[in-house]
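Working notes, structure below.
Residue numbers (the numbering used here), protein chains in the order written: chain A, 65 to 177; chain B, 19 to 133.
In structure tokens form, the structure reads like this:
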């Protein structure tokens with residue numbers, strides 16, 4: 065699975081959009097981009113995933129560049145409860161023994177009041 | 019419905035003792051995963067059970083670590099002769115299937131402290 069690079073920390077004002085970047089320059093054609101987050105003292109929580117098209121759900125939007133070498137997770141209106149460590153993961157998505165997730169150190173997003 | 023549960027929530031043990039950590043997955047989930055998270059670090063994959071197939075044990079750090087799962091139910095992670103470097107939060111996750119994408123649901127973890 066390809067390696068990802070994320071900034072260690074970011075701040076965001078409450079109510080503003082939080083844009084979390086992720087570099088995955090060695091991503092291959094069949095690897096998906098996944099985002100999970102981990103609120104303090106809790107287990108990680110799935111947010112969103114995508115292959116090459118932009119994706120949106122009730123939690124966030126995922127923007128993947130055309131060359132797929134980087135992506136951005138967007139929380140459109142950050143709240144204090146969004147303060148967490150955000151993990152960007154790339155993984156091949158096919159049947160078999162590869163459903164394990166390889167987590168990096170993520171980005172600590174601190175939403176400020 | 020009920021999520022993934024883990025017990026105990028906290029465990030303090032002396033170096034050299036054995037410990038057993040328990041995970042109750044979401045009912046009906048065929049895949050179950052164990053991860054370890056050391057203080058200030060990301061999650062480290064340990065082992066994954068996939069239905070009735072042989073588990074993927076590629077992440078177990080040493081032969082002191084083992085895990086079992088009976089069918090599609092409870093799993094136990096056993097650490098024998100614990101060492102101080104085993105201190106971490108041990109997280110369990112389950113997903114509906116193990117092929118294709120199925121969201122992993124994580125439990126709250128067991129915080130293990132080896133003194």
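Idealized CB from N, CA, C, for every residue including glycine.
- No residue range can be given for residue 103 (chain A), since it is assigned to no beta strand (DSSP E) and is classified by DSSP as neither H nor E.
- A residue is called buried once 16 or more other Cβ atoms fall within 10 Å of its Cβ, and residue 132 (chain B) is buried on that count.
- Not one beta carbon of chain B lies nearer than 8 Å to the beta carbon of residue 150 (chain A).
- Between the beta-carbon of residue 78 (chain A) and that of residue 136 (chain A) there is about 20 Å, and that puts the pair past the 8 Å contact cut.
- Assignment of residue 122 (chain A) by DSSP, reduced to helix, strand and coil, places it in the coil class.
- In this structure, residue 153 (chain A) lies near residue 98 (chain A), with their beta-carbon atoms less than 8 Å apart.
- The C-alpha of residue 91 (chain B) is placed about 7 Å away from the C-alpha of residue 45 (chain B).
- Interface with chain A (8 Å Cβ-Cβ cutoff): residue 74 (chain B) is included.
- Beta-bridge analysis with DSSP links residue 176 (chain A) to A:77.
- For residue 103 (chain B), the three-state secondary structure derived from DSSP is helix.
- If you check each beta-carbon in the stretch 106-137 of chain A against every beta-carbon of chain B, the ones closer than 8 Å belong to 106, 107, 108, 109, 110 and 113.
- Residue range 61-68 is occupied by the beta strand (DSSP E) that includes residue 68 (chain B).
- By the neighbour-count criterion, in which a residue is buried when 16 or more other Cβ atoms sit within 10 angstroms of its Cβ, residue 111 (chain B) is buried.
- The beta carbon of residue 148 (chain A) sits closer than 7 Å to those of 101, 102, 103 and 173, all from its chain and outside the five residues before and after it, given in chain order.
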